[in-house]
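Order-wise, the sequence lines are chains A and B. The first sequence begins at 1 in this note's numbering and counts up one residue at a time. The second sequence begins at 317 in this note's numbering and counts up one residue at a time. All residues carry an ideal CB built from backbone N, CA and C; glycine is no exception. The structure displayed is predicted, hence computed values, not measured ones.
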Amino acid sequence: MPNLSVQLGPLTLPTPVLVASGTFGYGPEYAELIDLNQLGGIVVKGIALHPTKGNPTPRTAEVASGLLNAIGLPNPGAEGFIQEYMPFLRQYTVPVIVNIWGKTVAEYVDVARRFDTVEGVHALELNVSCPNIKEGSAMFGTCMDSFRAVVAAVRAATALPLIVKLAPNVSDIKEFARAAEAEGADAISLINSVPAMAIDVETRKPKLANVTGGLTGPAIRPFAVKLVWEAAQAVTIPIIGIGGISKAEDALEFIIAGASAVAVGTASFTEPRTVLQVTDGIAEYLERHGLESVDSLRGSLNTGSDAAVDTDSETN
Amino acid sequence: MYCQTVQVADQSEFQGGYRLLTLDAPDIAPEVSPGQFVHVRIPHMEESVLRRPFSVYRTEGPQLQILYKGVGKGTRTMTYLRAGDELSLIGPLGNGFPAPQPGHFPVLVAGGYGMAALYLLARSAPQPGIAFFGGRSAPDILCVDEFESLGWEVRMTTQDGTRGRAGIVTDEIDDWWAVRSDSQPLEVYACGPNAMLEAVARRAMERDWQAWVSVDRNMGCGVGACLTCVLKVKQPDGEWAWKRSCKEGPVFDCRDILWEED
């Protein structure tokens, strides 16, 4: 049996497959359907210092092989989350990673600091890349000066392992990956959703009340794999690959491209057991290829001149 | 709540383009209470990332039935399902209708195929009451025999007058209410288009009826995680909060919904 545990800097995950922020609630939502202790980690939905209501409806729209969303990060606030959900999450051994966001650097720092002493929180994921918040968040992910400032400030404010979630809509992902590493991030995760929109042509109205949103799901996977591959060549800190993973083969692409771990997102909506199926599939793959650990597969992309293959399972 | 692969037992034409899908779901079916729904992963829709929610029309032992019409991409694909096909089902989901109380007179109000979501309630009610069914045209009035055979009085309204009274369902309710002599307090259960639910809710609030409505919102995960299907619900402090129609709903006390905002 291959060793499925992975190390993300100071954070040890029992398996390399997490559930992505915003797609798994705070844990209880799926606990009746799957054993949370079989997950590599739960990245909870984004938490700000104060409660936030989120965007008007409609908040999501299904598109070909994807989901467009502008939920707007509704959340019970740090105190609300700690009181309502941490007692539940502490019953499990699964690593809990709290995704945090704010509208100013000071808000990011305050919410990061609040979690520093909360029992059962294993790491923070810094959300600097939600495309659906009018102030703050997205700007931090795409403007280099703001990005550096918020990562550095949060790094100084927390002793917890810090994962920085990168925005995909930047001209050079390597620069942001390097900046995160330079400012003290323990790991990076990518990609967040891709800014996008859809229009109902009969009414000429946007399909989202927020007009624009973020695209997730299988449609963005090849884009995400490419960005993970680029980031992996730019940094030595571990990478969590995210974007359209719905089966083990998808996750393996990210790992071969250089990710140490992956997160399942939208696919949990389609099939709540996806995260477990992906985990089993990775174990089966490692065994079949005689590999002892995820790490021995990581970054093993063969780009030699004879490497490209014609078979493309996606077009079958 | 289960997430299971279940088998199609049967699929048949119902009437007027409506279809009846019967599933063998031995764990899920017995646990469905009136007003709850199931979340269906429709086979052969690999490019589709979302399941589709359906009210449970009837349950019988290990089987449950879904009454639907092939109008969208998902429901049109569902029409191809045949006995023996398998699909993934999550359910039972949501917060259904509270049980009708003895000493209260139950009233059902359905628009479109909203009556499908009310059958289990009608069957479990301690006494039969009256059911108001509204639709665009005669083929949209469904299940009349099924409700009548449970002892319910069914009053029908169609917009084009092809079956029952010409008009909308609330016209018939108003006339019935105007001449009603029985003093039993009402318990009203409604399922249908939002405008109909609001019209029922306004009457309930004016006339002091207890009324519950089953709302229909675009839905994502179905289990409370994605926060797609939210609607504004009044809070005790005078504020409002988003509530999930998949989790706190789909059934709400009509007084709790912030109608003017919708």
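Residue closest to residue i, alpha-carbon to alpha-carbon, out of the options
i         : options                                       : result
Gly-554/B : Ser-440/B, Val-356/B, Asp-498/B and Ile-573/B : Ile-573/B
Val-128/A : Asp-116/A, Arg-114/A, Leu-166/A and Phe-254/A : Leu-166/A
Ser-364/A : Arg-148/A, Ala-187/A, Leu-160/A and Cys-143/A : As shown, chain A starts at 1 and ends at 316. That puts residue 364/A outside it, with no answer to give.
Tyr-429/B : Ser-499/B, Met-512/B and Ala-399/B            : Met-512/B
Val-460/B : Tyr-435/B, Thr-375/B, Glu-503/B and Pro-552/B : Tyr-435/B
Val-470/B : Ser-499/B, Gly-427/B, Leu-543/B and Ile-382/B : Gly-427/B
Val-364/A : Val-43/A, Ala-31/A, Pro-272/A and Pro-168/A   : With chain A represented from 1 up to 316, any question about residue 364/A goes unanswered, as that position is not in the structure.
Thr-324/A : Val-63/A, Ala-78/A and Ser-146/A              : This structure gives no information on residue 324/A, because the portion of chain A shown stretches from 1 to 316.
Asn-75/A  : Glu-287/A, Tyr-26/A, Asn-210/A and Glu-32/A   : Tyr-26/A
Thr-15/A  : Thr-236/A, Gly-66/A, Ala-257/A and Leu-286/A  : Leu-286/A
Thr-216/A : Ser-5/A, Val-6/A, Val-63/A and Glu-125/A      : Val-63/A
Pro-418/B : Tyr-373/B, Val-504/B and Ala-441/B            : Ala-441/B
Arg-571/B : Val-531/B, Cys-542/B, Gln-526/B and Asp-532/B : Gln-526/B
Ala-325/B : Asp-343/B, Thr-338/B, Glu-347/B and Val-546/B : Thr-338/B
Pro-272/A : Phe-24/A, Val-6/A and Ile-237/A               : Phe-24/A
Leu-8/A   : Leu-67/A, Leu-276/A and Ala-259/A             : Ala-259/A
Phe-370/B : Asp-456/B, Ile-406/B and Trp-528/B            : Ile-406/B
Leu-424/B : Pro-408/B, Ser-465/B, Val-504/B and Ala-454/B : Val-504/B
Gly-431/B : Val-529/B, Arg-533/B and Pro-414/B            : Inspection of the sequence shows that residue 431/B is occupied by Met rather than by Gly. Of the candidates Val-529/B, Arg-533/B and Pro-414/B, the one whose C-alpha sits nearest the C-alpha of Met-431/B is Val-529/B.
Partner residues on chain A for residue i, Cβ-Cβ distance less than 7 Å
i         : result
Ile-544/B : Correcting the residue type first, residue 544/B is Thr in the shown sequence and not Ile. Arg-59 and Thr-60, listed in chain order.
Residue i at chain B interface by Cβ criterion, 9 Å
i         : result
Thr-315/A : Any answer about Thr-315/A is weak, because its pLDDT of 48 lies below 50 and its placement is not dependable; what the coordinates show is given next. It does not: the Cβ of Thr-315/A has no partner Cβ on chain B nearer than 9 Å.
Lys-45/A  : yes
Asn-302/A : no
Under 9 Å from the C-beta of residue i: neighbouring residues of chain B
i         : result
Gly-281/A : What Gly-281/A touches in chain B: nothing, since even the nearest Cβ is about 17 Å away.
Glu-271/A : Cys-319, Arg-357, Arg-367 and Ser-404
Leu-33/A  : Met-317, Tyr-318, Cys-319, Ile-406 and Val-539
Beta carbon proximity, residue i to chain A, threshold 9 Å
i         : result
Trp-558/B : yes
Leu-547/B : yes
Lys-563/B : yes
Under 8 Å from the C-beta of residue i: neighbouring residues of chain B
i         : result
Gly-217/A : Val-365
Lys-53/A  : Ala-557 and Trp-558
Residue i CB to nearest heavy atom of the ligand HEM below 8 Å
i         : result
Thr-104/A : What this structure holds is no ligand at all, so the ligand HEM is not there to describe.
> Given a limit of 7 Å on CB to CB distance, which residues of the region 344 to 364 of chain B reach chain A?
Replying inline: Arg-357, Glu-363 and Ser-364
>> Under 8 Å, with one C-beta from each stretch per pair, do the region 264 to 275 of chain A and the region 17 to 27 of chain A reach the 3-pair mark?
In response: yes
>> Residues of the region 11 to 30 of chain A in Cβ contact with chain B at a cutoff of 9 Å, in chain order, please.
In response: Gly-22, Thr-23, Phe-24, Gly-25, Tyr-26, Pro-28, Glu-29 and Tyr-30
> For the region 403 to 414 of chain B, which residues have a CB atom closer than 9 Å to at least one CB atom of chain A, in sequence order?
Replying inline: Ser-404 and Ile-406
>> Would you call the region 194 to 212 of chain A in contact with the region 154 to 164 of chain A, where contact means no fewer than 3 C-beta pairs closer than 8 Å?
In response: no
>> Closer than 8 Å between beta carbons: that is the criterion. Which residues of the region 62 to 95 of chain A meet it against chain B?
In response: Glu-62, Ala-64, Ser-65, Gly-66, Leu-67, Asn-69, Ile-71 and Pro-74
>> Which residues of the region 526 to 543 of chain B have a Cβ closer than 7 Å to any Cβ of chain A? Give them in chain order.
In response: Asn-534, Gly-536, Cys-537, Val-539, Gly-540, Ala-541, Cys-542 and Leu-543
> Taking any Cβ of chain C, which residues in the region 248 to 276 of chain A have a Cβ under 9 Å from it, in chain order?
Replying inline: In the displayed structure, chain C is absent; the protein chains listed are A and B.
> Do three or more CB pairs link the region 105 to 115 of chain A to the region 230 to 250 of chain A at distances below 8 Å?
Replying inline: no
> Is the region 385 to 396 of chain B touching the region 445 to 454 of chain B, taking contact as three or more C-beta pairs under 8 Å?
Replying inline: no
>> Whether or not the region 351 to 365 of chain B and the region 396 to 415 of chain B are in contact is what I'm after, with contact meaning three or more pairs of Cβ atoms, one per stretch, closer than 8 Å; do they touch?
In response: yes
> Touch check for the region 44 to 64 of chain A and the region 84 to 102 of chain A: three-plus C-beta pairs under 8 Å?
Replying inline: yes
> Do the region 220 to 239 of chain A and the region 373 to 384 of chain B make contact, defined as three or more Cβ pairs closer than 8 Å?
Replying inline: no
>> Can you confirm whether the region 26 to 35 of chain A touches the region 522 to 542 of chain B when touching is taken to mean that 3 or more C-beta pairs between the two stretches lie within less than 8 Å?
In response: yes
> How about the region 483 to 492 of chain B and the region 512 to 523 of chain B: do they share at least three Cβ pairs that are nearer than 8 Å?
Replying inline: yes
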